[in-house]
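For reference, the structure is listed below as structure tokens.
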Amino acid sequence: MLTGGLLLSLLSASLPTASRGFVPPSGAACDGVYNIPTPTAGRRAAPPLRSTVDGELAIPADEGPAATIVGLVKPETAESPTGAATSADALRLGGQYRRTTLLDGVSADSLVNSLVLLSAVTLVAGRFLSVDLGLTRGWTPLEVAERVPLDNWRGYNEILTAAPVQTKALTSASVYTIGDIIAQTRQGSGMGDLDRPRIVRSMIAGLVGHGPMSHLWYRWSEAFFDKVVHLPHAWWDFVPKVCADQLVFGPLWNNTFILLIGFMQLNSPGMIWDEMRRTTVPLLLSGLKLWPFVHIVTYGVIPVENRLLWVDAVEIVWVTILASVANEGGEGEEGQRLNQEDVDDVR
């Protein structure tokens, strides 16, 4: 019956006023509610139609568990059955908005995002737990808990040795995807409000930018201090490496990230350059709150080939900190708030 009522409403909206069987009340050309005659017995009444300032018709959401659509309306004119604006949970479609619900309180976006995340988690968990598949017969739970992480670590290092650049690129892509999801949720986005294009942009930046660049930097840095500077292997040898990382690689990667994001957003070169100039110093100063301490471990303890994995793990914490600060209204040194997408995944 719900479908029949909606089809009746849509068909009536497409016919001339004289053939609809109702006449709008006087003075209701812009924002009045049209009255529809009572349907025949046994047929559910169609929901009232509310016109917008552009002459479009908004169909209020049904209160039943199978509500499906709420028409195409402008965000400023969309209203729920209770009169509250619904543009916050709407989909952008060519300058207009459409809100789609499949069940009470569950939007199509929420369902899609949940299924994608659940599939990814299931795939990763399945690969992690099946590393010793066929070998665990007779193992105790304690033996499984000890062997599975170690064998996964061994497998990762074997792949890292065979294909270092590709492995590091995929590692950074995964971490930047997770980091952006965390950042958006920390900013108050629900599962149905996640910006999927933004997540994809962060993933691509990690894949083609951070992973390959970090691979080259850590190898070049180690070779430079060993073969050019002839830095002695002492307990303090991490200090100049940390300084070089913060003053050279940190700003280089931050601006590369902003360049990649701006390029994917189709921003003009002038806009990208202005964003780089505006954020370079604030991001450098923000990074000093965390990264010098992290890099004591990076350059003092972690082997060269595993440094990216360690740094990427800390990136998730860093993204959470940045998102929290931005959510509290933190501003840069120039008194300008940083563009959130530009700083969520930089270091």
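Residue numbering for the sequence shown is -21 to -1, 1 to 326, as defined by mature numbering (1 follows the signal peptide of the UniProt record, and there is no 0).
C-beta: ideal position from N, C-alpha, C; glycine also.
Cutoff 8 Å; reference Ser168; Cβ partners in own chain excluding five residues on either side: Excluding the 5 residues flanking it on each side, Ser168 has same chain C-beta neighbours closer than 8 Å at Asp174, in chain order.
DSSP three-state assignment for Ser109, whether helix, strand or coil: Look at Ser109 here: in three-state DSSP terms it is coil, with no helix or strand label.
Contact between the stretch 264 to 274 and the stretch 219 to 231 (3+ Cβ pairs under 8 Å): Per the Cβ contact rule, the stretch 264 to 274 is in contact with the stretch 219 to 231 (3 or more Cβ pairs under 8 Å).
Secondary structure of Val218, DSSP reduced to three states: Here DSSP, grouped into helix, strand and coil, assigns Val218 to helix.
CB contact flag (Arg177, Asp159, <8 Å): The Cβ-Cβ distance between Arg177 and Asp159 falls below 8 Å.
Cβ-Cβ distance between Asp111 and Gly171 below 8 Å: Pairing Asp111 with Gly171 gives a Cβ-Cβ distance that is not under 8 Å.
Identity of the residue in His212, Leu97, Pro230 nearest Gly279 by Cα: Here the closest residue by C-alpha is His212.
Delimiting residues of the alpha helix (DSSP H) encompassing His209: Per DSSP, His209 lies in no alpha helix (DSSP H) segment and is marked neither H nor E.
Assigned secondary structure, Gly308 (DSSP; H/G/I helix, E/B strand, else coil): Confidence is the limiting factor: at Gly308 the pLDDT is only 46, short of 50, which leaves the residue's position unreliable, though a coordinate-based value still follows. Gly308 sits in coil when the DSSP states are folded into three classes, being neither helix nor strand.
Which listed residue (Val207, Ala152, Leu114) has its alpha carbon closest to that of Met192: With distances taken between CA atoms, Met192 lies nearest to Ala152 out of Val207, Ala152, Leu114.
Whether Lys147 touches Gly190 by CB criterion (8 Å): At a Cβ-Cβ threshold of 8 Å, Lys147 and Gly190 count as neighbours.
Outcome for Ala141 when other beta-carbon atoms lying within 10 angstroms are tallied against a minimum of 16: Under a 10 Å Cβ-count criterion, Ala141 is classified as exposed, with fewer than 16 other Cβ atoms of the shown protein chains found around its own Cβ.
Nearest neighbour of Thr150, chosen from Ile183, Ile281, Arg126, Ala162 [CA to CA]: Answer by Cα proximity: Ile183.
Three-state secondary structure assigned by DSSP to Val280: Coil at Val280, not helix or strand.
Segment contact, 8 Å Cβ cut-off, at least three pairs: the stretch 282 to 299 with the stretch 194 to 201: Yes, the stretch 282 to 299 touches the stretch 194 to 201.
Helix, strand or coil at Ser168 [DSSP, three-state]: The answer is coil: DSSP assigns Ser168 none of H, G, I, E or B.
Same chain only: Cβ atoms within 7 Å of Thr277, ignoring 5 sequence neighbours per side: For Thr277, same chain residues with a beta-carbon under 7 Å away, outside a window of 5 residues either side, are Arg286, Trp289, Val290 in chain order.
Minimum C-alpha distance to Ala202 - residue among Val179, Gly134, Val283: Check the Cα spacing between Ala202 and each of Val179, Gly134, Val283: the tightest is with Val283.
Assigned exposure category for Leu231 - 16 Cβ within 10 Å defines buried: Around the C-beta of Leu231, fewer than 16 other C-beta atoms lie within 10 Å, and the residue is accordingly described as exposed.
Expected contact under 8 Å - CB spacing of Leu263 and Gly229 to nearest Å: A Cβ-Cβ distance of about 6 Å is found for the pair Leu263 and Gly229, placing them in contact under the 8 Å criterion.
Nonlocal neighbours in the same chain, by C-beta distance under 7 Å from Pro143, ignoring five residues either side: For Pro143, where only same-chain residues beyond five positions count, the Cβ hits under 7 Å are His194, Glu284.
Cβ-Cβ separation, Ile295 to Val154 (assumed contact under 8 Å), whole Å: Confirmed, Cβ separation roughly 6 Å.
Euclidean distance between Cα positions of Arg126 and Pro248: Looking at the two C-alpha atoms, the distance is approximately 51 Å.
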